[in-house]
Amino acid sequence: MRIGIISDIHSNLEALNTVLEDLKGKVDEIICLGDIVGYGPNPRECCDIIRGNRIFSLCGNHDSACYDDNLIDYFNPFAREAILWTRSQLSDDYIMYLKKLPFEEVLYGFRIVHGAPGDPFEYITTPSEARSAFMSFDEDICFIGHSHIMEYFEQRKSSPIVRQLPLRNQQELIIEEGKRYIINVGSVGQPRDGDPRSAYVIYDTAERKLTAYRVFYRIDIVQKKMQLKGLPPLLWQRLEVGR
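All residue numbers for the sequence shown refer to this note's numbering, where the first residue is 423 and numbers rise by one.
Quick look at the structure:
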């Protein structure tokens with residue numbers, strides 16, 4: 423089975439449509455690792471697409487913040503402003519949809535979580551953090567998002583050493599026996615690894631092979647929408663630099 427794995431859409435309709443178009447004919451199923459909403463100008467439309475296409479999705483921290491007041495204070499002022507705006511755009515039906523999304527699952531023999539195994543809103547950005555995370559799950563592979571940085575961590579089962587490596591466009595990664603992996607699929611709607619193109623991966627369960635992809639989308643259209651809706655300038659300015 424070939425599975426497309428996406429994450430961190432963040433209400434970016436243009437990016438989501440571009441990625442889904444690029445995935446057409448390439449995969450048997452699509453999985454989303456959360457943060458459908460937040461930051462961007464089209465939360466309802468992005469929810470409609472994920473739900474309408476029956477894409478299995480996890481709940482991310484921005485999704486959860488749309489219904490959980492306790493999370494608001496954990497966000498920086500710009501993200502908080504965008505979350506409050508997003509809340510104002512979502513009817514009860516959308517809120518209930520987000521509430522029902524799971525935080526962590528095991529599918530097809532691999533684990534998926536928005537942030538870190540056992541702590542879905544925690545970040546994994548260093549070998550030390552990855553080493554701790556490896557102790558929190560049993561599967562050979564865990565797919566994550568949250569940091570918006572496409573990369574992976576690998577560890578031999580017999581060694582405490584963890585390697586942190588980037589994932590580039592069109593790069594293939596063979597899942598080797600005797601190793602475990604934490605793979606960050608990057609962000610569809612707000613990449614932060616210096617590459618403004620949308621990111622996603624395809625995992626072939628039969629061949630145990632992962633391929634990373636980056637695709638261009640119309641950033642200018644999204645920026646214009648965000649300006650018109652009065653979202654914080656930092657949030658639309660960062661899209662063109664991928665930071």
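Even glycine gets a Cβ: it sits at the ideal position worked out from N, Cα and C.
Asked, Found
"With respect to the beta strand (DSSP E) encompassing M572, which residues constitute its N-terminal and C-terminal limits?", "M572 to R578"
"From A487, N606 and D541, pick the residue whose C-alpha is nearest to that of T547; which is it?", "N606"
"May I have the straight-line CA-CA distance separating I505 from A628, to the nearest angstrom?", "40 Å"
"Output yes or no for whether 8 Å exceeds the beta carbon distance between A555 and P539.", "yes"
"With contact counted as at least three CB pairs below 8 Å, one residue from each stretch, are the region 448–459 and the region 476–492 in contact?", "yes"
"Comparing C-alpha positions only, which one of D626, C488, E662 and L632 sits nearest to I617?", "The amino acid at residue 617 is misidentified as Ile; the sequence shows Asp. Cα-wise, what sits closest to D617 is E662."
"Within the same chain, show all residues whose beta-carbon is closer than 6 Å to that of L632, passing over the 5 residues directly before and after it, in chain order.", "L595, V623 and Y625"
"Report yes if the CB atom of L653 is closer than 8 Å to the CB atom of P465, and no otherwise.", "no"
"Using a Cβ-Cβ cut-off of 7 Å (strictly less than) and excluding sequence neighbours within five positions of L435, which residues of its own chain qualify?", "N464, E467 and C468"
"Can you list, in chain order, the residues of its chain with a C-beta nearer than 7 Å to that of K521? Leave out the 5 residues immediately preceding and following it.", "Y489"
"Identify the residues that DSSP records as bridge partners of N606: which are they?", "I566 and E573"
"Which whole-angstrom value is the C-beta distance of S429 and T508, which I expect to be below 8 Å?", "The Cβ separation is near 17 Å, so there is no contact."
"In whole angstroms, what is the alpha-carbon distance linking S513 and D470?", "12 Å"
"How close, in whole Å, do the beta carbons of H568 and G537 come, if the pair is a contact with beta carbons under 8 Å?", "4 Å"
"Tell me, which residues are paired with D644 by DSSP?", "Here residue 644 is Val; the residue named in the question, Asp, does not match the sequence. According to DSSP, V644 bridges with nothing at all."
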